[in-house]
Amino acid sequence: MVLLPMALNCGIVGLPNVGKSTIFSALSSAPAEAANYPFCTISPNVGIASVPDSRLDALSALFKPQRTIPATVEFVDIAGLVKGASKGEGLGNQFLSHIREVAVYAHVVRCFENADVIHVNNKVDPISDMEVIDIELALADLQGVAKRRERAEKLLKVQTEKAAAQIVLSALAKIEPALEDGKPIRSVDLTDDEKASIYDCHFITAKPQLYVCNVDEEAIRSLASGGNGNAHVDAVKKRAQAEGSMAVCICGKFEAELSGITDMEEKSAFLEELGLKEPGLSTLIQSAYKLLNLRTYFTAGEDECRAWTIHCGDTAPKAAGVIHTDFEKGFIKAEVYSCDDIFKYGSEAKIKEAGKYRIEGREYIVQDGDVIFFKFNV
Numbered sequence: 037m038v039l040l041p042m043a044l045n046c047g048i049v050g051l052p053n054v055g056k057s058t059i060f061s062a063l064s065s066a067p068a069e070a071a072n073y074p075f076c077t078i079s080p081n082v083g084i085a086s087v088p089d090s091r092l093d094a095l096s097a098l099f100k101p102q103r104t105i106p107a108t109v110e111f112v113d114i115a116g117l118v119k120g121a122s123k124g125e126g127l128g129n130q131f132l133s134h135i136r137e138v139a140v141y142a143h144v145v146r147c148f149e150n151a152d153v154i155h156v157n158n159k160v161d162p163i164s165d166m167e168v169i170d171i172e173l174a175l176a177d178l179q180g181v182a183k184r185r186e187r188a189e190k191l192l193k194v195q196t197e198k199a200a201a202q203i204v205l206s207a208l209a210k211i212e213p214a215l216e217d218g219k220p221i222r223s224v225d226l227t228d229d230e231k232a233s234i235y236d237c238h239f240i241t242a243k244p245q246l247y248v249c250n251v252d253e254e255a256i257r258s259l260a261s262g263g264n265g266n267a268h269v270d271a272v273k274k275r276a277q278a279e280g281s282m283a284v285c286i287c288g289k290f291e292a293e294l295s296g297i298t299d300m301e302e303k304s305a306f307l308e309e310l311g312l313k314e315p316g317l318s319t320l321i322q323s324a325y326k327l328l329n330l331r332t333y334f335t336a337g338e339d340e341c342r343a344w345t346i347h348c349g350d351t352a353p354k355a356a357g358v359i360h361t362d363f364e365k366g367f368i369k370a371e372v373y374s375c376d377d378i379f380k381y382g383s384e385a386k387i388k389e390a391g392k393y394r395i396e397g398r399e400y401i402v403q404d405g406d407v408i409f410f411k412f413n414v
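When the letters of the sequence shown are read in order and numbered with this note's numbering, they come out as residues 37 to 414.
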């Protein structure tokens with residue numbers, strides 16, 4: 037059985053008309069239905085985006101392979117939530133179920149003024165918008181807490197299940213007060229056993245989250261030149277910092293136009309107009325990738341240069357299994373060097389001469405940026 041590279045699954049959430057579908061279309065180059073009215077997106081659109089990585093580009097320049105394959109991110113465009121979503125308002129129950137299925141979510145917040153684009157509450161107020169979403173997600177999780185507690189209390193009467201049920205109840209006792217206060221589960225200090233005990237609940241607010249400030253071109257220019265963007269961006273960043281969350285700024289309209297340009301020189305010129313070195317979407321993708329504590333290693337040669345996604349702390353056999361299950365089962369050793377070394381010395385032969393080419397065994401923890409050739413026997 038061949039395994040595909042591990043994909044990062046990221047949901048895009050927010051109120052209606054904040055620019056989610058526009059950003060999604062730019063991310064995946066898979067046009068999502070976007071219109072100037074709420075609930076345009078009912079079924080979630082799914083698209084695949086490449087993870088930008090200059091190291092992979094540099095490896096390809098050195099090896100000149102027949103093909104270059106980046107790591108990928110799966111983005112899910114989830115319809116706009118509104119106040120009352122946890123009770124089914126605006127098809128909320130259906131939309132909330134879509135969020136439960138993603139590993140991380142990007143909360144898009146409108147940080148631009150435009151009288152021609154309807155705001156669901158008729159006023160641009162990002163903090164209020166953020167609170168609406170946070171409260172609805174917390175309320176949805178509270179419903180899940182009640183259901184999980186009922187199951188755990190029944191299992192207390194079964195001797196073989198009693199210990200496990202007590203761990204579940206301990207976790208629920210910690211997270212319920214936080215949710216009632218509008219705080220996410222990820223902010224609660226749980227033991228590893230407690231986290232594992234409620235994993236099957238797929239609580240939404242336990243998932244990693246990042247904020248995406250959707251701004252206009254004027255704000256992007258300000259940010260590119262070292263400014264603050266605008267007052268809306270300032271407010272979102274302050275709240276994100278207080279929560280320990282990440283916040284990135286992009287101009288959805290600009291990114292959508294940029295994604296439609298195929299000529300690289302024209303694309304570079306378009307970026308320069310706003311003082312940008314790279315698309316804002318690159319920052320969003322990389323931020324989402326880091327949120328899940330993922331790492332990248334590479335395989336490189338004349339046939340192919342490829343980025344592979346693993347979790348931080350994965351051993352060499354585990355990393356090999358991402359390529360193919362047989363690689364993990366029959367793992368013998370890994371021949372390893374770092375990207376930095378190939379860029380410094382220019383060839384594998386010179387890396388070996390410098391004593392930087394390593395042979396690693398089963399216990400080796402793969403590092404971000406490793407270039408690896410696996411030896412296996414099945």
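Idealized CB from N, CA, C, for every residue including glycine. Small disclaimer: the values here were computed from a predicted structure and weren't measured.
* Do V140 and L328 have their C-beta atoms within less than 7 Å of each other? -> Along the sequence shown, one-based indexing puts residue 140 at 104. Along the sequence shown, one-based indexing puts residue 328 at 292. Yes, they are a contact pair.
Can you tell me the Cα-Cα spacing of V168 and I114, whole angstroms? Walking along the sequence shown from the start, residue 168 turns up at place 132. Walking along the sequence shown from the start, residue 114 turns up at place 78. If I take the Cα positions, the gap works out to 16 Å.
Next on the checklist: Less than 7 Å between the C-beta atoms of A336 and F410, yes or no?
Outcome noted: Residue 336 sits at position 300 when you count from the first residue of the sequence shown. Residue 410 sits at position 374 when you count from the first residue of the sequence shown. In this structure, F410 does not lie closer than 7 Å to A336 by Cβ.
Since V416 and N250 should fall inside the 8 Å C-beta cutoff, what is the C-beta to C-beta distance between them, to a whole number of angstroms?
Examination of residue 416 is not possible in this model, given that the chain is present from 37 through 414 alone.
* Which residues mark the beginning and the end of the beta strand (DSSP E) in which A283 is found? -> Within the sequence shown, residue 283 is the residue found at index 247, counting from 1. A283 -> beta strand (DSSP E) spans M282 to I286.
For A151, which of helix, strand or coil comes out of DSSP? Mapped onto the sequence shown, residue 151 falls at position 115. The answer is coil: DSSP assigns A151 none of H, G, I, E or B.
Notebook entry, point to check: Under three-state DSSP, which class holds I297?
Noted result: As a position in the sequence shown, residue 297 is number 261, starting the count at 1. If DSSP states are grouped into helix, strand and coil, I297 belongs with coil.
Practice problem: Whole angstroms is fine: what's the gap from S383's alpha carbon to S281's? | Solution: The residue you call residue 383 lines up with position 347 of the sequence shown. The residue you call residue 281 lines up with position 245 of the sequence shown. Straight-line Cα distance between these residues: approximately 40 Å.
query = Who are the near neighbours of D270 in its chain, counting only those whose CB is closer than 7 Å to its CB and skipping five residues on each side?
reply = Counted from its first residue, the sequence shown places residue 270 at position 234. So the qualifying residues of the chain are N264.
Query - DSSP bridge partner residues for L175 (one or two, in chain order) - result: In the sequence shown, counting from the first residue as 1, residue 175 sits at position 139. Answer is none; L175 lacks a bridge partner.
**Item:** Rounded distance between the beta-carbons of L246 and A324, thought under 8 Å
**Value:** For the purposes of this step, residue 324 is taken as residue 288 along the sequence shown, with counting starting at 1. For the purposes of this step, residue 246 is taken as residue 210 along the sequence shown, with counting starting at 1. 6 Å between Cβ atoms; contact.
Which of helix, strand or coil DSSP assigns to G397: On the sequence shown, position 361 is the one that residue 397 refers to. In the structure shown, G397 sits in coil (DSSP, three-state: anything other than H, G, I, E or B).
| What is the C-beta distance between F148 and A255, in whole angstroms, given that I count them as a contact (C-beta under 8 Å)? | Looking up residue 148 in the sequence shown gives position 112. Looking up residue 255 in the sequence shown gives position 219. Correct: roughly 7 Å between the Cβ atoms.
Which term fits P106, buried or exposed, when burial requires 16 or more other beta carbons within 10 angstroms of its beta carbon? Position 70 of the sequence shown, counted from the start, is the residue given in the question as residue 106. Buried, since its Cβ has 16 or more Cβ neighbours within 10 Å.
Considering only the alpha carbon of each residue, which of V49, L51 and S61 lies closest to E291? Counted from its first residue, the sequence shown places residue 291 at position 255. Ranking V49, L51 and S61 by Cα distance to E291 puts S61 first.
**Asked** To the nearest whole angstrom, what separates the beta carbons of G47 and H134, a pair I think is in contact under 8 Å?
**Response** Position 11 of the sequence shown, counting from 1, holds the residue named residue 47. Position 98 of the sequence shown, counting from 1, holds the residue named residue 134. With 8 Å as the limit, G47 and H134 qualify as a contact, their Cβ atoms being about 7 Å apart.
For C7, count neighbouring C-beta atoms within 10 Å of its own C-beta (all shown protein chains included) and say buried if the count is 16 or more, exposed if not.
For the chain, the structure presents residues 37 to 414; residue 7 sits outside this window and is missing.
Open item on the list: If the criterion is Cβ atoms closer than 7 Å, does the pair S206 and E230 meet it?
Closed with: In the sequence shown, residue 206 corresponds to position 170, counting from 1. In the sequence shown, residue 230 corresponds to position 194, counting from 1. The answer is yes: Cβ separation under 7 Å.
**Asked** Are there 16 or more other CB atoms within 10 angstroms of the CB of E338, so buried, or fewer, so exposed?
**Response** Taking the sequence shown and counting its residues from 1, one reaches residue 338 at position 302. E338 should be labelled exposed.
At what residues does the alpha helix (DSSP H) containing H277 begin and finish?
On the sequence shown, position 241 is the one that residue 277 refers to. The residue you asked about is not His; residue 277 is Gln in the sequence shown. Start and end: A267 to E279.
Notebook entry, point to check: Using the rule of at least 16 other Cβ atoms within 10 Å of the residue's Cβ for burial, across every protein chain shown, is N158 buried or exposed?
Noted result: On the sequence shown, residue 158 is found 122 positions in, with the first residue counted as 1. By the 10 Å Cβ count, N158 comes out exposed.
**Request:** Please work out which residues of its chain come closer than 7 Å, Cβ to Cβ, to R184, disregarding the five sequence neighbours upstream and downstream, and give them in chain order.
**Result:** Translated into positions along the sequence shown, residue 184 becomes position 148. The residues are V204, L208, I234 and C237.
Going straight from the alpha carbon of D161 to that of A267, what length do you get?
Counting from one through the sequence shown, the residue named residue 161 turns up at place 125. Counting from one through the sequence shown, the residue named residue 267 turns up at place 231. Their Cα atoms are separated by approximately 10 Å.
Q: Please check the pair W344 and T332, which I expect to be a contact at CB under 8 Å, by giving their CB distance rounded to whole angstroms.
A: Stepping through the sequence shown from its first residue, residue 344 is reached at position 308. Stepping through the sequence shown from its first residue, residue 332 is reached at position 296. So it is a contact: roughly 7 Å between Cβ atoms.
**Request:** From the DSSP output, in three-state form, read off D339 for me.
**Result:** Stepping through the sequence shown from its first residue, residue 339 is reached at position 303. DSSP places D339 in coil when its eight states are reduced to three.
May I ask you to report which of helix, strand or coil DSSP gives V181? On the sequence shown, position 145 is the one that residue 181 refers to. Looking at V181 - three-state DSSP - the assignment turns out to be helix.
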